[in-house]
Structure formats: C-alpha cells, structure tokens
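A.B. asks:
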Amino acid sequence: MTPTKTILRALNGEVQATPPVWMMRQAGRYLPEYRATREKAGDFLSLCYNPELAAEVTLQPLRRYDFDAAILFADILLVPQALGADLWFVTGEGPRLSTITDMAGVEALKPLDAIHETLNPIYETVKILSGALPAHTTLIGFAGAPWTVATYMIAGRGTKDQGPAHKLMQENPAAFDALMARITAATIEYLSAQINAGAEVVKIFDSWAGSLKGAAFTKYAVAPTVEIITALKARHPGIPIIAFPREAGDGYIGFARATGADCVAIDNSVDSEWAAANVQVDGCVQGNLSPTHMVTGGAELVSETRRVVKAFSKGPHIFNLGHGITPDADPDNVSRMIEAIRG
Ligand code: CP3
16 MTPTKTILRA LNGEVQATPP VWMMRQAGRY LPEYRATREK AGDFLSLCYN
66 PELAAEVTLQ PLRRYDFDAA ILFADILLVP QALGADLWFV TGEGPRLSTI
116 TDMAGVEALK PLDAIHETLN PIYETVKILS GALPAHTTLI GFAGAPWTVA
166 TYMIAGRGTK DQGPAHKLMQ ENPAAFDALM ARITAATIEY LSAQINAGAE
216 VVKIFDSWAG SLKGAAFTKY AVAPTVEIIT ALKARHPGIP IIAFPREAGD
266 GYIGFARATG ADCVAIDNSV DSEWAAANVQ VDGCVQGNLS PTHMVTGGAE
316 LVSETRRVVK AFSKGPHIFN LGHGITPDAD PDNVSRMIEA IRG
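Per this note's numbering, the sequence shown starts with residue 16, numbered consecutively.
(1) Along the chain, where does the beta strand (DSSP E) that runs through Asp343 open and close?
(2) Considering Cα atoms alone, identify which of Gln177, Ile155, Gly156, Phe157 is closest to Ala165.
(3) Within the region 234 to 311, note down every full alpha helix (DSSP H) run reaching 4 residues or more, in order along the chain.
(4) Less than 7 Å between the beta carbons of Ala280 and Met309, yes or no?
(5) Is the separation between the beta-carbon of Ile244 and that of Thr274 shorter than 7 Å?
(6) Taking just the CA atoms, how far does Glu186 sit from Leu144?
(7) Could you check if Gly107 is buried or exposed, using at least 16 other CB atoms within 10 Å of its CB as the buried criterion?
(8) Would the C-beta of Arg53 count as close to the ligand CP3, meaning under 6 Å from any of its heavy atoms?
(9) Since Ile333 sits in a beta bridge, which residues does DSSP pair it with?
(10) What is the DSSP secondary structure of Gly43, reduced to helix, strand or coil?
(11) Alpha carbon to alpha carbon, how far is Ile91 from Trp162?
(12) Go ahead and label Thr52 buried or exposed: buried means 16 or more other beta carbons lie within 10 angstroms of its beta carbon, across all protein chains shown.
(13) In whole angstroms, what separates the C-alpha of Ala93 from that of Pro110?
(14) For the alpha helix (DSSP H) holding Arg321, just list the boundary residues, first then last.
(15) Taking DSSP's pairing of strands, which residues face Lys228 in a bridge?
(16) Out of curiosity, what's the CA-to-CA distance linking Thr320 and Ala314?
(17) Does the region 54 to 64 come within contact of the region 121 to 131, defined as at least 3 CB pairs closer than 8 Å?
(18) List the DSSP bridge partners of Val158.
(19) State the start and end residues of the unbroken alpha helix (DSSP H) segment that holds Leu62.
(20) Between the C-alpha atoms of Leu189 and Phe104, what's the straight-line distance to the nearest angstrom?
(21) Note down, in chain order, each residue of its chain lying with its Cβ closer than 7 Å to the Cβ of Phe220, except the 5 sequence neighbours on either side.
(22) Could you check if Asn211 is buried or exposed, using at least 16 other CB atoms within 10 Å of its CB as the buried criterion?
(23) For Pro34 and Gly266, I'd like the C-alpha separation in whole angstroms.
(24) Throw me the rounded Cβ distance for the Ile268 and Cys299 pair, which I believe falls under 8 Å.
In structure tokens form, the structure reads like this:
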C-alpha cells in the first residue's frame, strides 16, 4: 500500500516534485515560545520529562510553519541517564555526565529492563503527540547511536575530538565493547517503546561518526546501526529508519546498503551534488542546507535552498538542514526557506 504522508512516501522511495521538509532542532531556542515554555518547566531536563510540556514544544514550530514532520522533543543523553549515569546541563556550556572509565563502571550500570522507569514520560509524550498532530504530519522518534552516546558517557561531556572514547577503545577494548553493547541493547528497547507509543519513523543520530575511520567506522558506526535496525525491523516490520552518520565523508557511500537504513541524513560538510551521485543512488536522502543560512538569510538563503532541492530532485529526498538550527537563527528565515522549497 502506498503511504499518503509525504515523509513516508519519500522513505518508501518515491520521487516527489516538491520534497517534504522538516528541520533538526525545529523546537528550540530560536523560538521565543520555546524559551517561555522551558522557563515554565524549570530547566531543559525537566522539560524533556514533562510529557504535556514536551508535547507542547514539539507542536510549537508546527503552528508557525507547515512542516511535514514533527520530531519528538527529548535528548540523546536520556538513555545514559536511564542506565544510571548522572546527567545535568550547564547553561551556555552543554551536558555533563558522570564518567565511565573501566569495566567496573560499565557493570555498575542499571540492567536493561530498568531503563523504562526513567524513560516512561518520553513514551507518554509520543502518545500525546500521536493523537495531536495534523493528519499530514509524520511523527519521528529518535535516539543517539551507540558510538555518539558512548563518547559522552566516557568523557562526561562533549569533546572536540572524542579523545577519551578513542583512548578507552584502544586501552581497554573489553570495557569499551561492553559499554557499546549496553547502549546498543538499551537503544533497541527505547526506540521499540517509542514505536509502540506511536512514532512512525525513527532516526539514529551518530553526531560524532566522523571521528571513526576505516575499520573503526565499520565496527563502531556501521555494526551497531545494523544491530539496532535489524532488531527494530524484526519487531516492527516496515518501520522506516533514518540514519545520520554525521561527517562520515566517504563513509556515507553504501551506508544505507550496509545498515538497512531507509534514508541517510547528510550533513552540510558534504556537497549536495556529490551526495546525489554517491548516496542517493541507494535510496532516500535527507538534508543538507547549512544551518548558517537560517541566521544570515537574504538572497543566498533562497538560492542555496533551491540548489539543494535541485541537486536531489532526481531521487527520493527529504529536505532538512545539515545540522540543527542554532539559537541565533531568525524565525522568519525558516518561512523563507519553506517558500523557496515550495514556491
Ligand atoms: O531536533 C529536535 O528538535 C528534537 C530534540 C532534540 C534535542 N537534542 C533537543 C535539545 C534532538 C533530536 C537532540 C539530539 C542531540 N542531543 C544530539 C544529536 C544531534 C546533534 O545535535 O548532533 C546531541 C549530540 C545531543 C546532546 C546535547 N543536547 C547537547 C550537546 C546539547 C547542548 C548543546 C546545545 O545545543 O545547547 C543538548 C541540549 C539540547 N538538546 C537543547 C535542545 C533543544 C538545548 C537545550 C536548551 O533549551 O538549553
């Protein structure tokens, strides 16, 4: 049966005259109504764990813009927290977590079936959204990929080069592999529960995939993604999955074939024309306008948006930014981008 929602049609391999569009971080600090709701919730994590308010901020961008998808409002670092890591956010700096440095740290994590105790409010948010979205809007659930999540759990924060994770991988591969296995298993359960609650698509964010090269890319970016996708497709036949191995470079080539992903999201370090020739040949791609255009606007926003649409026009495409929209973006530029796509 052919799906009717535009995002699902693209994920089904259909080439559409106008690509469907949504935006990474479409609910976020560039919107004054988001900042107001976050204030009301107290802080970012309280907002993530408050189903009514999390659903509210998910819906806010849809009231301004006619996006084809909504993405669940949550964070990739809720999985480490559900596994027992301490997690907090330092304003202006980013996330902080208790660190994992050895096998004892991995073994001290909570058992797999304990994660839902923490994550139940997220499933509740998905349920609320699945009853509240406009009929043409697709609900996307998500999780971090094991490598990206591990980099935060090992370093206890975001790092430029993911050095602490690479160091543990080399110096204590048994502990590193055990941690990856724990995260992979938790991610399968977490995404499966989101799908049961009403997510129609799931996306796997591997934001730091670019720092894995050669055999390490295959072992720690491709293989865990294969494991997650295989398990989800077995439990939920037909569930479409988007994978985002950010800054993978040549690693994008064949990524969909290697992992079973229905769509590969492309970051904005990659030339759209290159991605059309080398990645879109295997199916749907998502991307890849630079988020800086949401700040700078002007004629270039329009011409670059049209260039991305044109570059991907011969195959299945979901229009998106190459990374999340930033807090300094001008909300009017989002309307201009959508106009340039559809106009
Ligand atoms: O896209 C969406 O609108 C859905 C919600 C979403 C958030 N984070 C909300 C958020 C999603 C999909 C994420 C994914 C995420 N979180 C990633 C992968 C994608 C990427 O950006 O590469 C990563 C690495 C994280 C971890 C994380 N969360 C960091 C490093 C930070 C701090 C940096 C920042 O932007 O402030 C966050 C905080 C965060 N996650 C915010 C939002 C809206 C900002 C929190 C705030 O309101 O202050």
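Glycine included, each C-beta is placed from N, C-alpha and C at the ideal position.
C.D. replies: Judging by the given coordinates:
(1) Counting along the chain, Asp343 falls outside any beta strand (DSSP E), and DSSP gives it neither H nor E.
(2) If you compare the alpha carbons of Gln177, Ile155, Gly156, Phe157 with that of Ala165, the shortest gap goes to Gln177.
(3) 238 to 250, 270 to 274, 287 to 293, 308 to 311
(4) A distance of 7 Å or more separates the beta carbons of Ala280 and Met309.
(5) yes
(6) 44 Å
(7) exposed
(8) yes
(9) Gln301
(10) coil
(11) Distance between the alpha carbons of Ile91 and Trp162: 12 Å.
(12) buried
(13) Going by the sequence as given, residue 93 is Leu instead of Ala. Whole-angstrom Cα-Cα distance: 11 Å.
(14) Unbroken alpha helix (DSSP H) run through Arg321: 313 to 326.
(15) Answer is none; Lys228 lacks a bridge partner.
(16) 10 Å
(17) no
(18) Here residue 158 is Ala; the residue named in the question, Val, does not match the sequence. Partner(s): Ile219.
(19) 59 to 63
(20) Correcting the residue identity first, residue 189 is Ala in this sequence and not Leu. So the alpha carbons of these two residues sit roughly 30 Å apart.
(21) Ile91, Phe157, Gly159, Ala160, Thr163, Phe259
(22) Asn211 comes out exposed.
(23) 25 Å
(24) At roughly 15 Å, the Cβ-Cβ gap does not stay under 8 Å, so Ile268 and Cys299 are not in contact.
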